[in-house]
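Asks:
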Amino acid sequence: PSDQLLSPQQEVEEIIKLRKEIEHHSYLYYAQDAPEISDAAFDSLMRRLRELEHKHPECYDPNSPTMRVGGYVDEQFMPVQHAERMYSLDNAMDLNELDAWIDRVEEFFGKFVPMTCELKIDGSGIALTYTKGQLERAATRGDGRVGENITANVRSVRDVPLRISNNGEQGILAPSIEVRGEVYMPKTSFEQLNAAAHEIGHATFANPRNAAAGSLRQKDARITAQRDLSTFIYAIANAGTISAKGQFAMLQWLKASGFHVNPDVRYCTQRSEIADFCKRALDMRGSLPYEIDGVVVKVDSFAEQEAMGFTARAPRWAIAFKFPPEEQATLLRAITVQV
Ligand code: NAD
């Protein structure tokens, strides 16, 4: 609805209505892995809410979906308290918004600082804890503070090392290390899974991301083991424990330690390289065997990341450049298969 037509009171009512609506769709998406609306439709509800909340600071509520990491902890799993919070990402919907974000970073430091660009993998976030080199625990992001213990399920994901070496480090590996990344389902495996589900009259998944999240959050780990899941690892929660001092070097460390790290990454020392990477990623999108929904641009240096810090739901030192939505077609296809 156009702002001109709404009274302030009506806008406040819309805020309340939108919060409820977003909660409902978040529940379907994160808890049930079964969204009813497209991501683009969900994102426009969020944008509208953000816009109205901006106009009505008196409606401030720390529990608003705009102030939190979306996610649920299902009681069928043991809760896991994240030692360091897991965050979402702020979005840039086009190259202009990306440029505006780079401007803000530049203003903050008084100069352009090196940034690392990675593909934004359209999967489900996980945290893996290794103690004395052994995989001890795997957790979902949940609401960012508390996730779900999915260790048994993750053990069957073939490219997750059950043991890690300390190749990345000359010295001794820290007693405990927590890495973070994305579990995803390749496009062809997603299509096969849906076709098989359709064949026996079972519900299908809306897209590979929901299929990955749904497969990971199975009560019976044997079902997860039958699904084709892979990972890309891109972070260390306690990065202070390794010698790498920035994102790009950390990715090399992760790779040397035995993790599956996405090869399409670029350390950018100039602004133009970032836009180039985004354009190239958009070009390769269709030919990759897995889905990406954008590019994540991160201030490279850990010291500089720390200087910028976090908002309630996302780091200030990173941004997700989102591709135009592609999944509407997928969602439609999935619905067609279901009937
Ligand atoms: P997000 O998926 O937009 O971005 C944050 C996540 O990106 C991180 O938590 C991380 O797991 C992941 N990621 C992938 N590659 C990464 C990389 N290289 N580096 C760092 N992180 C990387 O945010 P979100 O909060 O998880 O979810 C919001 C998304 O979910 C939106 O796209 C929204 O449309 C969708 N959603 C849809 C519905 C619906 O009903 N359709 C409901 C809720 C949410």
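Number 961 in this note's numbering belongs to position 86 of the sequence shown; there are no gaps in the numbering.
Ideal placement from N, C-alpha and C gives every residue a C-beta, glycine not left out.
Please read all numbers here as calculations on a predicted model, not as lab measurements.
#1: Considering only residues of the stretch 1090-1175, which uninterrupted beta strand (DSSP E) runs meet the minimum length of 3 residues and lie entirely inside it, listed in chain order?
#2: Could you check the C-alpha separation between aspartate 936 and methionine 942 for me, to the nearest Å?
#3: For tyrosine 1059, which beta-bridge partners are listed by DSSP?
#4: CA-CA distance, aspartate 1018 and glutamine 907?
#5: Report, in whole angstroms, the separation of the C-beta atoms of alanine 1087 and glycine 985, which I expect to be a contact under 8 Å.
#6: Would the beta-carbon of tyrosine 902 fall within 8 Å of that of proline 910?
#7: Check whether the stretch 1101-1108 touches the stretch 1027-1035, taking contact to mean three or more Cβ pairs, one atom from each stretch, closer than 8 Å.
#8: Thinking just about the alpha-carbon of each residue, which of Ala1072, Tyr1165, Val1140 is nearest to the one in arginine 1155?
#9: Here's a check: name, in chain order, each residue in its chain whose Cβ is nearer than 6 Å to the Cβ of serine 1064, leaving out the five neighbours to either side.
#10: So for lysine 1197, helix, strand or coil by DSSP?
#11: Drop a sphere of 10 angstroms on the beta-carbon of serine 1176, count the other beta-carbons inside from all chains shown, and report buried for 16 or more, exposed for fewer.
#12: Is the beta carbon of alanine 1119 closer than 8 Å to that of tyrosine 962?
#13: May I ask whether a heavy atom of ligand 1 can be found less than 7 Å away from the beta carbon of leucine 1157?
#14: Around the Cβ of isoleucine 977, are there at least 16 other Cβ atoms within 10 angstroms (buried) or fewer (exposed)?
#15: To which residues does DSSP link tyrosine 905 through a beta bridge?
#16: Could you round the C-beta distance between glutamate 1053 and alanine 1195 to whole angstroms and report it? I think they count as a contact, below 8 Å.
#17: Output the residue ranges of the alpha helix (DSSP H) runs that lie fully inside the stretch 1006-1038 and measure 4 residues or longer, sorted by chain position.
#18: Closest by CA to isoleucine 912, which one among Asp1095, Ala1081, Lys930?
#19: Under a three-way DSSP split, which group does proline 989 fall into?
#20: For lysine 892, collect the residues of the same chain with a Cβ closer than 6 Å to its Cβ; drop the 5 residues on either side in sequence, then sort them by chain order.
#21: In chain order, what residues of the same chain lie with their CB nearer than 6 Å to the CB of methionine 1183, ignoring the 5 residues before and after it?
#22: Give every residue of the same chain whose Cβ lies closer than 7 Å to the Cβ of arginine 923, excluding the five residues on either side of it in the sequence, and list them in chain order.
#23: Might you give, ordered along the chain, the residues of its own chain that have their beta carbon closer than 6 Å to the beta carbon of glutamate 950, omitting 5 neighbours on each side?
#24: For the beta strand (DSSP E) holding glutamine 1180, just list the boundary residues, first then last.
#25: Could you tell me whether any non-hydrogen atom of ligand 1 is closer than 7 Å to the CB of lysine 895?
#26: Just the C-alpha distance for glutamine 884 and glycine 945, rounded to the nearest angstrom, thanks.
Replies: With the structure as the only source:
#1: The DSSP assignment places 1105-1111, 1140-1143, 1167-1174 as complete runs of the beta strand (DSSP E) inside the stretch 1090-1175, in order along the chain (cut-off: 3 residues).
#2: So the two alpha carbons sit approximately 8 Å from each other.
#3: Tyrosine 1059 pairs with Ser1105.
#4: For aspartate 1018 and glutamine 907, the distance between alpha carbons rounds to 15 Å.
#5: With a Cβ gap of about 41 Å, alanine 1087 and glycine 985 do not count as contacting.
#6: Cβ atoms of tyrosine 902 and proline 910: not closer than 8 Å.
#7: With the cut-off at 8 Å, the stretch 1101-1108 and the stretch 1027-1035 touch.
#8: Nearest to arginine 1155 by C-alpha distance, out of Ala1072, Tyr1165, Val1140, is Val1140.
#9: Within the same chain, serine 1064 has close Cβ partners Asp1103.
#10: Here lysine 1197 sits in strand by DSSP.
#11: So serine 1176 counts as buried.
#12: Cβ atoms of tyrosine 962 and alanine 1119: not closer than 8 Å.
#13: Checking every heavy atom of ligand 1 against the Cβ of leucine 1157, none is found closer than 7 Å.
#14: Here isoleucine 977 is buried. Its C-beta has 16 or more other C-beta atoms within 10 Å.
#15: Looking at the DSSP assignment, tyrosine 905 forms no beta bridge with any residue, so it has no partner.
#16: That pair is no contact at about 22 Å.
#17: DSSP runs (the alpha helix (DSSP H)) wholly in the stretch 1006-1038: 1026-1029.
#18: Checking every option, the nearest Cα to that of isoleucine 912 belongs to Ala1081.
#19: It is coil, neither helix nor strand.
#20: Same-chain partners within the cutoff: there are none.
#21: Exclusion of the five residues before and after methionine 1183 leaves Arg1191, Trp1192 as the residues of its chain whose Cβ lies within less than 6 Å of its Cβ.
#22: So the qualifying residues of the chain are Leu893.
#23: Excluding sequence neighbours, glutamate 950 sits near nothing in its chain.
#24: First-last for glutamine 1180: 1177-1183, but that is the alpha helix (DSSP H), not the beta strand (DSSP E).
#25: Lysine 895 Cβ: outside cutoff for every heavy atom of ligand 1.
#26: Taking the straight line joining both Cα atoms gives about 27 Å.
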